[in-house]
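Have a look at the structure below before the remarks.
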Amino acid sequence: MATIIVPSSLRRYTEQQTRVTIPVNTVEEALARFSENSADLRNHLFSGNALRKFVVVCKNGKDIRLLDGLSTPIGNDDEVQIIASVAGG
């Protein structure tokens, strides 16, 4: 089971849990399962079937854009971290 590290801005969707463990094989499956119970969360992460530009996802600390994108395989000991950019000035 992969572990998703939940940023504080998304914890309202996980009852304030900092980590969620999900049995999946790819990053895409992990994010789909993670957001399946909340249309708001899904819309926050995705635009259609693509990740929003301001959302960065890492597998074990490495940006999935440098790996296989959403198709990046994940295993039982892997951690998926969601990082949402914050705008401001």
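Using this note's numbering, the first residue of the sequence shown is number 1, and each one after it goes up by one. Ideal Cβ positions, reconstructed from N, Cα and C, are used throughout, including at glycine.
Are K59 and L67 close, meaning C-beta to C-beta below 8 Å?
Yes, these two residues count as a Cβ contact at 8 Å.
Report whether the distance from the Cβ of V56 to the nearest heavy atom of the ligand ATP is below 7 Å.
For the structure depicted, the ligand ATP is absent and the ligand set is empty, with no information on it obtainable.
I'd like to check one pair, P7 with I83: are the Cβ atoms closer than 8 Å?
Yes. Within cutoff.
May I ask you to list the residues that DSSP assigns as paired with D77?
DSSP output for D77 lists no bridge partner at all.
Given this structure, state the Cα-to-Cα distance separating A32 from Y13, to the nearest angstrom.
Going by the C-alpha atoms only, they are around 14 Å apart.
Let me check understanding here. Comparing Cα to Cα, which of L41, S47 and A30 lies closest to R11?
Nearest C-alpha to R11: L41.
C-alpha distance - E29 paired with S35, whole-angstrom precision
Here the alpha carbons of S35 and E29 stand approximately 10 Å from one another.
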